Amino acid sequence: MSELSEEEKTEKLQSFVGFKTGKSIHRVKGKNMIRFAKALGDDSPKYTKVEKTEEGKKDYSKIVAHPAYPACFTVQTGGALYSLDTLKYEDGTKVIKSMGKLLHTGQKYDYTGCIPIVHKMKLYTYGTVSKIWVKNKMLWIETTLETKTKKDELVCTTICTVGIRPGGW
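Numbering (our numbering), first residue to last: 73 to 241.
Written out as structure tokens, the structure reads:
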């Protein structure tokens, strides 16, 4: 495919739009939500204030996850994005030859119609390739990830973009 122009390569790759990624599972823990918010420098009580129960145990039920918390489960090794290495051309050749050349270049979160992320949730993230293109010798893949509870309640939609450096695709 190296003799093709970037436009021709992009056209050839369009068959991968709609590809479903694997799923990842994340268990939300209150103490980790607090650590994450504090690591970002956000000490807002909404994300960090924990009350004690009558028995003296920590009660994480009144805090919610920081808006950037989905980074903990959308961009993890073994997560939904890592199943992109299963993309194959019609002849069986892998599109991504080296995941070591993958660069996570950004994400955007959308909470429209979502419930808050709280302690003890078990979350499932699934993705779909929404765009794929070649620019400046790099392969770019935009994936739309939906994260839901076991009751199928949406908690976040994440748009993740990755770039695959030359030699990796």
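The beta-carbon is built from N, C-alpha and C at its ideal position, and this holds for glycine as well.
Note that the structure is a prediction, hence the values are computed from the model and not measured.
For this session: Please classify Cys144: does DSSP put it in a helix, a strand, or coil?
Result: helix
For this session: Return the Cβ separation of Val206 and Thr82 in integer angstroms, given the expectation that the two are a contact with Cβ distance under 8 angstroms.
Result: 5 angstroms
Exercise. Where does Thr82 fall in DSSP's three states?
Worked result: helix
Exercise. Relative to the C-alpha of Leu226, which residue among Val234, Ser202, Leu195, Met105 is closest?
Worked result: Leu195
Problem set entry | Top-ranked residue by Cα proximity to Gly102, from Ser96, Lys92, Lys121, Tyr198 | Lys121
For this session: Let me know the secondary structure DSSP gives Ile204 once reduced to three states.
Result: strand
Problem set entry | In DSSP terms, what Arg99 is bridged to | Lys194
Exercise. Quick one: what does DSSP say Gly189 is sitting in, helix, strand or coil?
Worked result: Rather than Gly, the amino acid found at residue 189 in this sequence is Ile. Ile189: coil per DSSP, three-state reduction.
Exercise. From which residue to which residue does the alpha helix (DSSP H) around Thr120 run?
Worked result: 117 to 120
Exercise. Run through DSSP, which three-state label would Leu174 get?
Worked result: strand
For this session: If I'm right that Tyr161 touches Thr93 with Cβ under 8 angstroms, what's the distance once you round it to whole angstroms?
Result: Incorrect: roughly 18 angstroms between the Cβ atoms, too far for contact.
Exercise. Taking the alpha carbon of Glu218 as the point to measure from, which residue in Thr229, Lys209, Val190 has its own alpha carbon closest?
Worked result: Thr229
Problem set entry | Ala111 classed as buried or exposed, judged by whether at least 16 other C-beta atoms fall within 10 angstroms | exposed
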